[in-house]
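Q: First to last, the protein sequences are chains U and H.
According to full-length UniProt numbering, the first sequence holds residues 1 to 208 in order.
According to full-length UniProt numbering, the second sequence holds residues 1 to 208 in order.
Using N, Cα and C, we set each Cβ at its ideal position, and we do this for glycine too.
2 protein chains.
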Amino acid sequence: MTKRTADQIYDSVLNRIVDGDLRPGDSLGEQSLAAAFGLSRTPVREALQRLANEGLTERGPRRTFVVRRMGQAELHDLFEALGELEALMARLAALRMTEIERHALREIVSDSERPGIDYEQANARFHEALQLGAHNGMLSNLLADLKNRTMPWRGAQFRARADRVTSSQTEHRAILKAVLARDGDQAHLQMRDHMAASMRVIAELIGT
Amino acid sequence: MTKRTADQIYDSVLNRIVDGDLRPGDSLGEQSLAAAFGLSRTPVREALQRLANEGLTERGPRRTFVVRRMGQAELHDLFEALGELEALMARLAALRMTEIERHALREIVSDSERPGIDYEQANARFHEALQLGAHNGMLSNLLADLKNRTMPWRGAQFRARADRVTSSQTEHRAILKAVLARDGDQAHLQMRDHMAASMRVIAELIGT
DNA sequence: TAGCGGCGACTTGTATACAAGACATTAGAT
DNA sequence: ATCTAATGTCTTGTATACAAGTCGCCGCTA
């Protein structure tokens, strides 16, 4: 598995944004980054363009790339769209999942309630299972893209989920029940509420 | 407005895909394109990467870019997601549009029913007005992205709309009515139906 | 003949050099 | 003093050269 240096730069810059090492508004000069990585500007440019296409950076003063500034309004807009798409995903999963997929989903929810489990990981598996069950590749791509855009708030997401483990589990159970019952409307509704609740907690943490 | 050559290449390749000049599966070699445009590989690379990020190309045999193959399944998946987001947009517009925006939307619908109007353009204006009224920048970005992905079927879209002008106008009126009544649920529903009907006609045209 | 290994052509990946544009600063004119 | 225009510097945009990887092909071997 040969790794292209452009990908390494991409990962590194992304991590620095997530960790708060690079703050919104910070300028990302090509040559300074190239020097920092000991590489040429070419792969740096490629990485920055990818980040811009994914909405994490934007063009600044001299057409430089800067870390995108995102506040409460952007967070709200993002979750409004993300919530709707996740709700669609849940509806499709309820209607289209195979028996095997339904069984796997039930297992995942059961596992996630065992004490001592890494809930962050369990949550990810739950959403992935639904995504697979929705049988819509385009939707999966979109969701991956939008989740990428939540990266700058990853810290807040993590803290929020820690506080919300119990209620989040309850909501997951409600979604699971609707999916197993093949009730698309109910799955849609429950997922919308689930995402809205998540956003509210994150927004509170950000606001402070 | 200075035009970067990379943008020109992007536009040109995109148009060639839309026009069917470049067909799905065709290989897009960097140096052959560079030679064709009389430019160097650098801006060509940038353009191809943008196209790949927007889902119009994908990686092929020797890590070359090839025009992405998209059939009925992809069209279905795409419109499933696009329809849901447009429906969300309509709902938000119904709830959030200002009086000025509502008035503008009404004007646009009225204009679109005048004989001899360019319906393609009127339709675009209708959707743009709703987009503005939804007051969600992230959603606008997503919609722009998804509409870009429908470009390969632009010919079919055009023909479909020509056949559907009358029914499409009726649907637009229904959406307008719901939006003016601030009935979010109804706007959502009507827009979903509108998009589903559009997709059906396009799918038929493709199938032949 | 089937399988395997190396050679070779062609592709993308990366580095470096040069061109061009944008912005800040400053000197000059009114 | 203020507005304007030129200029210098720093940035990105583009071109070219070189490195490295991938795939097909041919010959060799068992």
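Figure out for me which residue from H:L176, H:R154, H:E74 has the closest Cα to the Cα of G20 of chain H.
A: What you label residue 20 of chain H is simply residue 20 of the second sequence in a count that begins at 1. When only C-alpha atoms are compared, the closest one is H:R154.
Q: Pick from H:A87, H:L92, H:F126: whose alpha carbon is nearest that of L105 of chain H?
A: Here residue 105 of chain H refers to the residue found at position 105 of the second sequence. The shortest C-alpha separation from L105 of chain H is found at H:F126.
Q: Under 7 angstroms between the Cβ atoms of Q190 of chain U and A181 of chain U?
A: Translated into positions along the first sequence, residue 190 of chain U becomes position 190. Translated into positions along the first sequence, residue 181 of chain U becomes position 181. Not closer than 7 angstroms, so no.
Q: Look at the alpha carbon of A134 of chain H and the alpha carbon of L130 of chain U, and state the distance between them as a whole number of angstroms.
A: Against the second sequence, residue 134 of chain H aligns to sequence position 134. Against the first sequence, residue 130 of chain U aligns to sequence position 130. Computed Cα separation, rounded: 28 angstroms.
Q: So the alpha helix (DSSP H) E171 of chain U belongs to, where does it begin and stop?
A: Numbered from 1 along the first sequence, position 171 holds the residue referred to as residue 171 of chain U. Looking at the DSSP string, the run of the alpha helix (DSSP H) that includes E171 of chain U is 154-180.
Q: Work out the CA separation of L51 of chain U and N148 of chain H for me, nearest whole Å.
A: Taking the first residue of the second sequence as 1, we reach residue 148 of chain H at position 148. Taking the first residue of the first sequence as 1, we reach residue 51 of chain U at position 51. Answer to the nearest angstrom: the Cα atoms are 19 angstroms apart.
Q: Can you name the residues that DSSP bridges to V13 of chain U?
A: Reading the first sequence from its first residue, position 13 is the one you call residue 13 of chain U. The partner list for V13 of chain U (beta bridge, DSSP) is empty, contrary to what the question assumes.
Q: Return the residue from the list H:I175, H:A174, H:Q169, H:E86 that minimises the CA-CA distance to E120 of chain H.
A: Along the second sequence, read from residue 1 onward, the residue named residue 120 of chain H stands at position 120. Ranking the options by Cα distance to E120 of chain H, first place goes to H:Q169.
Q: Quick check on A6 of chain U - is its C-beta less than 7 angstroms from some C-beta in chain H?
A: Position 6 of the first sequence, counted from the first residue, corresponds to residue 6 of chain U. Closer than 7 angstroms: no.
Q: How is R62 of chain U classed by DSSP in three states: helix, strand or coil?
A: What you label residue 62 of chain U is simply residue 62 of the first sequence in a count that begins at 1. Note: R62 of chain U maps to coil in three-state DSSP.
Q: Leaving out five residues before and five after Y10 of chain H in sequence, what residues of the same chain have Cβ atoms less than 6 angstroms from its Cβ?
A: Position 10 of the second sequence, counting from 1, holds the residue named residue 10 of chain H. Closer than 6 angstroms at the Cβ level, and outside the excluded window around Y10 of chain H, lie A47, R50.
Q: Spell out whether any CB of chain U is found under 7 angstroms from the CB atom of E84 of chain H.
A: Position 84 of the second sequence, counting from 1, holds the residue named residue 84 of chain H. It does; some Cβ of chain U falls within 7 angstroms.
Q: In whole angstroms, what is the alpha-carbon distance linking A156 of chain U and T150 of chain U?
A: In the first sequence, residue 156 of chain U corresponds to position 156, counting from 1. In the first sequence, residue 150 of chain U corresponds to position 150, counting from 1. Taking the straight line from one Cα to the other gives about 10 angstroms.
Q: So residue 217 of chain H packs on D77 of chain U, CB below 8 angstroms; how close in whole Å?
A: No answer is possible for residue 217 of chain H: it lies beyond the span of chain H, which begins at 1 and ends at 208.
Q: Please list, in chain order, the chain U residues whose beta carbon lies closer than 9 angstroms to that of N53 of chain H.
A: Taking the second sequence and counting its residues from 1, the one referred to as residue 53 of chain H is at position 53. Correct list: Q49, R50, N53, E54.
Q: Check L142 of chain U in the structure and name its three-state DSSP category.
A: Taking the first residue of the first sequence as position 1, residue 142 of chain U is located at position 142. Three-state result, L142 of chain U: helix.
Q: Rounded to whole angstroms, what is the Cα-Cα separation between L22 of chain U and E54 of chain U?
A: In the first sequence, residue 22 of chain U corresponds to position 22, counting from 1. In the first sequence, residue 54 of chain U corresponds to position 54, counting from 1. Approximately 17 angstroms between the Cα atoms of the pair.
Q: Please report the distance separating the alpha-carbon of A34 of chain H from that of L14 of chain H.
A: Taking the second sequence and counting its residues from 1, the one referred to as residue 34 of chain H is at position 34. Taking the second sequence and counting its residues from 1, the one referred to as residue 14 of chain H is at position 14. So the alpha carbons of these two residues sit roughly 15 angstroms apart.
Q: So for T98 of chain H, helix, strand or coil by DSSP?
A: Taking the first residue of the second sequence as position 1, residue 98 of chain H is located at position 98. Residue state, collapsed to three classes: coil.
Q: Taking Cβ-Cβ distances shorter than 8 angstroms, what residues in chain H pair up with N136 of chain U?
A: Looking up residue 136 of chain U in the first sequence gives position 136. Neighbours of N136 of chain U on chain H, chain order: D77, E80, A81.
Q: Rounding to the nearest angstrom, what Cα-Cα distance links V18 of chain H and G207 of chain U in this structure?
A: As a working note, residue 18 of chain H is residue 18 in the second sequence. As a working note, residue 207 of chain U is residue 207 in the first sequence. Approximately 45 angstroms, taken between the alpha carbons.
Q: With a 10 Å radius around its C-beta and 16 neighbouring C-beta atoms as the bar for buried, classify H103 of chain H as buried or exposed.
A: As a first step, residue 103 of chain H must be located in the second sequence, where it is residue number 103. The residue is exposed, with fewer than 16 neighbouring Cβ atoms inside 10 Å.
Q: What residues in its chain sit with their C-beta under 7 angstroms from that of A196 of chain U, if we drop five residues either side in the sequence?
A: The residue labelled residue 196 of chain U in the question sits at position 196 within the first sequence. Contacts found: G83.
Q: For my contact list, D193 of chain H and E171 of chain H are in at a C-beta cut-off of 8 angstroms; report their separation, rounded to the angstrom.
A: Stepping through the second sequence from its first residue, residue 193 of chain H is reached at position 193. Stepping through the second sequence from its first residue, residue 171 of chain H is reached at position 171. Going by Cβ atoms, the distance from D193 of chain H to E171 of chain H rounds to 7 angstroms, so yes, they are a contact pair.
Q: Might you give, ordered along the chain, the residues of its own chain that have their beta carbon closer than 8 angstroms to the beta carbon of D7 of chain H, omitting 5 neighbours on each side?
A: In the second sequence, counting from the first residue as 1, residue 7 of chain H sits at position 7. Result list for D7 of chain H: A47, in chain order.
Q: Given a cut-off of 7 angstroms, decide if L39 of chain H and T5 of chain H are closer than it, judged by their beta-carbon atoms.
A: On the second sequence, residue 5 of chain H is found 5 positions in, with the first residue counted as 1. On the second sequence, residue 39 of chain H is found 39 positions in, with the first residue counted as 1. Taking 7 angstroms as the Cβ cut-off, T5 of chain H and L39 of chain H qualify as a contacting pair.
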